[in-house]
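Peer 1: Chains as they are written, first to last, in the numbering used here: chain D, 1334 to 1475; chain H, 22 to 355.
Beta carbons: idealized from backbone N, C-alpha and C, even for Gly.
Please read all numbers here as calculations on a predicted model, not as lab measurements.
One structure is given below, represented as structure tokens, and several questions about it will come after.
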């Protein structure tokens, strides 16, 4: 049927391409018994090396995660003013993650619904004011 | 409540709070909006530009969110309770945030207490409330209607239950402070302090100092702390209170009773990352009272100072030692 012929003709180029690819692939892989063939011993050695690499990566990853957890401080500083503040809440986020500041003022709050209203992303720093500097402002009862 | 003596904290006040010290290189701008005084500290070179940004933002927020402006979008929404209303992104975001806060506090913050506060006499701007308001023969009605509010994110639509109105005054002020700092940052102004009647937040520090010195208004005198980053908010009965018959009312409503909260506290100051968080946490801690309030703040890793009605202070473990206090601070074990 003409329609069937048309379908066949339409498939032809695709099929021939597939054949060509399989030929190319067969050329690229060495034949059985050729000098490029990987022996069982070499394969085992390769697997061992990969296992070792995986182990090292796991240890490093675990260490990095542990470090991040250790650096996560919660609490408030009781330091004298002028001394370096200690971060409270979550650890500082890299500037690239401060997307809320790039949004319009009414489009910045999606994270609260997802992560909880009181989540302390970025933290806050307060401390004792032991210097003689008078207050710049007042937090009055509202 | 066992006091822990902290005699080393006793120092005289450094300056009266009504005479703010403007750090070198900074300018102070103040204006009225949202029923309170908005104060900004901005770098001298960017003060004019920054003031315009903040002023425009607060004007827009007030125009949209005031319950005292009949033409505001909030009033329109309240008038159409029981219907689905498409709203602006600003109103939708504020209501959604208010509901998130209500959920996070188990309903101790409740944005649907409008009729209760009107019954108590706060039915007009605070400046217009007479010294003695009429008694309304309506028993206190608990809140909780926020649970029935429906939000449709896609259509940006809100459906209030019939007969329910919302008041986002406090949280909107905190959110406006956060938004103002963000708006300034977008225009390249990275050092600023914005204070909306006690709800304040900072970004950066003044050129000549690595912190902002902030006084916290107490009952008898102010306490002073250093703020490096984040925000502070104070809620209390020092200002917004009035007389209704024989009863002294104030604006912090306990949603469990529908009446002004009676917790034995004068005020609560909270430090948090965002001003809206500090605002809501201060309000909720005030409603809860001393012991439960401290537990609530510590549960959320927030620092707070609770001033009792007799003027003594109780602080969370992470609240710093302060100058200018009366030496009557104590820690509480929770």
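Should residue 181(H) be flagged as near chain D, meaning a C-beta pair shorter than 8 angstroms?
Peer 2: Working through the second chain from its first residue, we reach residue 181(H) at position 160. No, residue 181(H) lies away from the interface with chain D (no Cβ there is under 8 angstroms from its Cβ).
Peer 1: Give the residues of chain H in contact with residue 1399(D), contact being defined as C-beta atoms less than 8 angstroms apart.
Peer 2: The residue given as residue 1399(D) occupies position 66 in the first chain. In chain order: nothing, as chain H lies at least about 21 angstroms away.
Peer 1: Taking DSSP as the reference, what is the three-state secondary structure of residue 161(H)?
Peer 2: Start at 1 with the first residue of the second chain, and residue 161(H) comes out as number 140. Note: residue 161(H) maps to coil in three-state DSSP.
Peer 1: Can you tell me which of the three DSSP states residue 121(H) falls into?
Peer 2: For the purposes of this step, residue 121(H) is taken as the residue at position 100 of the second chain. Correct three-state label for residue 121(H): helix.
Peer 1: Pick from 105(H), 159(H), 134(H) and 107(H): whose alpha carbon is nearest that of residue 119(H)?
Peer 2: Position 98 of the second chain, counted from the start, is the residue given in the question as residue 119(H). Comparing Cα-Cα distances from residue 119(H) to each of 105(H), 159(H), 134(H) and 107(H), the minimum goes to 134(H).
Peer 1: Considering only C-alpha positions, which residue in the set 224(H), 309(H) and 226(H) is nearest to residue 256(H)?
Peer 2: Reading the second chain from its first residue, position 235 is the one you call residue 256(H). When only C-alpha atoms are compared, the closest one is 309(H).
Peer 1: Just the chain D side, please: which residues come within less than 7 angstroms of residue 220(H) by C-beta, in chain order?
Peer 2: Walking along the second chain from the start, residue 220(H) turns up at place 199. Here the neighbours are 1475.
Peer 1: Just tell me which of 235(H), 298(H) and 279(H) has its CA closest to the CA of residue 1464(D).
Peer 2: For this step, residue 1464(D) is matched to residue 131 along the first chain. With distances taken between Cα atoms, residue 1464(D) lies closest to 235(H).
Peer 1: Would you tell me roughly how many angstroms separate the C-alpha atoms of residue 307(H) and residue 184(H), rounded to the nearest one?
Peer 2: As a first step, residue 307(H) is located in the second chain; it is residue number 286 there, counting from the start. As a first step, residue 184(H) is located in the second chain; it is residue number 163 there, counting from the start. Computed Cα separation, rounded: 28 angstroms.
Peer 1: Helix, strand or coil for residue 189(H), going by three-state DSSP, please let me know.
Peer 2: Start at 1 with the first residue of the second chain, and residue 189(H) comes out as number 168. Three-state result, residue 189(H): coil.
Peer 1: Can you pull out the residues from the segment 244-268 of chain H whose beta carbon lies closer than 8 angstroms to at least one beta carbon of chain D?
Peer 2: Residues passing the 8 angstroms Cβ filter: 245, 246, 247, 248, 249, 250, 251, 252, 253, 254, 255, 256, 257, 258, 259, 260 and 261.
Peer 1: Is there at least one Cβ from chain H nearer than 8 angstroms to residue 1472(D)'s Cβ?
Peer 2: Walking along the first chain from the start, residue 1472(D) turns up at place 139. Yes, residue 1472(D) counts as interfacial toward chain H.
Peer 1: Tell me which residues share the same chain as residue 196(H) and place their Cβ nearer than 7 angstroms to its Cβ, disregarding the 5 neighbours each side in the sequence.
Peer 2: Indexing the second chain from 1 puts residue 196(H) at position 175. Counting only Cβ-Cβ distances below 7 angstroms, and skipping sequence neighbours, we find 115, 118 and 297.
Peer 1: Once DSSP output is grouped into helix, strand and coil, what is the label at residue 241(H)?
Peer 2: By 1-based counting over the second chain, the position of residue 241(H) is 220. The answer is coil: DSSP assigns residue 241(H) none of H, G, I, E or B.
Peer 1: Taking only three categories from DSSP, how would you classify residue 267(H)?
Peer 2: By 1-based counting over the second chain, the position of residue 267(H) is 246. Residue 267(H): coil per DSSP, three-state reduction.
Peer 1: Is there a Cβ from chain D that is less than 8 angstroms from the Cβ of residue 234(H)?
Peer 2: Taking the first residue of the second chain as 1, we reach residue 234(H) at position 213. It does; some Cβ of chain D falls within 8 angstroms.
Peer 1: So, helix, strand or coil for residue 1469(D), using DSSP?
Peer 2: For the purposes of this step, residue 1469(D) is taken as the residue at position 136 of the first chain. The answer is coil: DSSP assigns residue 1469(D) none of H, G, I, E or B.
Peer 1: Among all the DSSP beta bridges, which residues are the ones paired with residue 62(H)?
Peer 2: Translated into the one-based positions of the second chain, residue 62(H) becomes position 41. Partner(s): 49(H) and 214(H).
Peer 1: Taking 6 angstroms as the limit between beta carbons, can you name the residues of its chain near residue 1356(D), skipping five residues before and five after?
Peer 2: Against the first chain, residue 1356(D) aligns to sequence position 23. Because residue 1356(D) carries a pLDDT of 33, less than 50, the predicted location of this residue cannot be relied on, and the following value inherits that uncertainty. Excluding sequence neighbours, residue 1356(D) sits near nothing in its chain.
Peer 1: Using 8 angstroms for Cβ pairs, my map puts residue 52(H) next to residue 81(H). What's the rounded Cβ distance?
Peer 2: Within the second chain, the letter at position 31 stands for residue 52(H). Within the second chain, the letter at position 60 stands for residue 81(H). Residue 52(H) to residue 81(H), Cβ: 14 angstroms. No contact.
Peer 1: Around the C-beta of residue 219(H), are 16 or more other C-beta atoms found within 10 angstroms, so that it is buried, or is it exposed?
Peer 2: For the purposes of this step, residue 219(H) is taken as residue 198 along the second chain, with counting starting at 1. Buried: at least 16 other Cβ atoms inside 10 Å.
Peer 1: Name the residues in the segment 1450-1466 of chain D whose C-beta lies less than 9 angstroms from a C-beta of chain H; which are they?
Peer 2: So the list reads 1450, 1451, 1452, 1453, 1454, 1455, 1456, 1457, 1458, 1459, 1460, 1461, 1462, 1463, 1464, 1465 and 1466, given in the order they occur along the chain.
Peer 1: Out of curiosity, what's the CA-to-CA distance linking residue 1396(D) and residue 68(H)?
Peer 2: Working through the first chain from its first residue, we reach residue 1396(D) at position 63. Working through the second chain from its first residue, we reach residue 68(H) at position 47. Taking the straight line from one Cα to the other gives about 47 angstroms.
Peer 1: Could you say if the segment 311-318 of chain H and the segment 272-289 of chain H meet the contact criterion of at least three C-beta pairs nearer than 8 angstroms?
Peer 2: Yes, they touch.
Peer 1: Which word fits residue 300(H), buried or exposed, when buried means at least 16 other C-beta atoms lie within 10 angstroms of its C-beta?
Peer 2: Mapped onto the second chain, residue 300(H) falls at position 279. So residue 300(H) ends up on the buried side.
Peer 1: Quick one: list the residues of chain D neighbouring residue 212(H), beta-carbon separation under 8 angstroms, in chain order.
Peer 2: Here the question's residue 212(H) lines up with position 191 in the second chain. Going along chain D, no residue has its Cβ under 8 angstroms from residue 212(H), so there is no contact; the nearest lies around 12 angstroms.
Peer 1: Measure from the C-beta of residue 1374(D) to each C-beta in chain H and report whether the shortest distance is under 8 angstroms.
Peer 2: Taking the first residue of the first chain as position 1, residue 1374(D) is located at position 41. Taking Cβ atoms only, chain H never reaches closer than 8 angstroms to residue 1374(D), which makes this a no.
Peer 1: Does the distance from the CB of residue 99(H) to the CB of residue 187(H) come in under 8 angstroms?
Peer 2: Counted from its first residue, the second chain places residue 99(H) at position 78. Counted from its first residue, the second chain places residue 187(H) at position 166. A contact, by the Cβ cut-off of 8 angstroms.
Peer 1: For residue 280(H), which of helix, strand or coil comes out of DSSP?
Peer 2: By 1-based counting over the second chain, the position of residue 280(H) is 259. Three-state result, residue 280(H): strand.
Peer 1: Would you report the Cα separation of residue 1406(D) and residue 322(H), rounded to the nearest angstrom?
Peer 2: As a position in the first chain, residue 1406(D) is number 73, starting the count at 1. As a position in the second chain, residue 322(H) is number 301, starting the count at 1. With a pLDDT of only 39 at residue 1406(D), under the threshold of 50, the placement of this residue in the model should not be trusted, and no figure is reported.
Peer 1: Using the DSSP secondary-structure output, state which residues sit across from residue 314(H) in a beta bridge.
Peer 2: Residue mapping note: residue 314(H) aligns to position 293 of the second chain, counting from 1. Paired residues: none, contrary to the question.
Peer 1: Is it the case that the Cβ atoms of residue 95(H) and residue 86(H) are separated by a distance below 8 angstroms?
Peer 2: Here residue 95(H) refers to the residue found at position 74 of the second chain. Here residue 86(H) refers to the residue found at position 65 of the second chain. Yes, Cβ-Cβ distance for residue 95(H) and residue 86(H) is below 8 angstroms.
Peer 1: Between the Cα of residue 1449(D) and those of 131(H), 137(H) and 124(H), spot the shortest distance and give me the residue it belongs to.
Peer 2: The residue given as residue 1449(D) occupies position 116 in the first chain. That would be 124(H), whose Cα lies nearest to the Cα of residue 1449(D).
Peer 1: Going by the beta-carbon positions, is the gap between residue 282(H) and residue 1457(D) smaller than 8 angstroms?
Peer 2: By 1-based counting over the second chain, the position of residue 282(H) is 261. By 1-based counting over the first chain, the position of residue 1457(D) is 124. No, they are not a contact pair.
Peer 1: What's the C-alpha gap between residue 274(H) and residue 1468(D)?
Peer 2: Numbered from its first residue, the second chain carries residue 274(H) at position 253. Numbered from its first residue, the first chain carries residue 1468(D) at position 135. Approximately 31 angstroms between the Cα atoms of the pair.
Peer 1: Whose C-beta lies closer than 7 angstroms to the C-beta of residue 89(H) among residues of the same chain, with five residues either side of it excluded?
Peer 2: Working through the second chain from its first residue, we reach residue 89(H) at position 68. 145 and 146.
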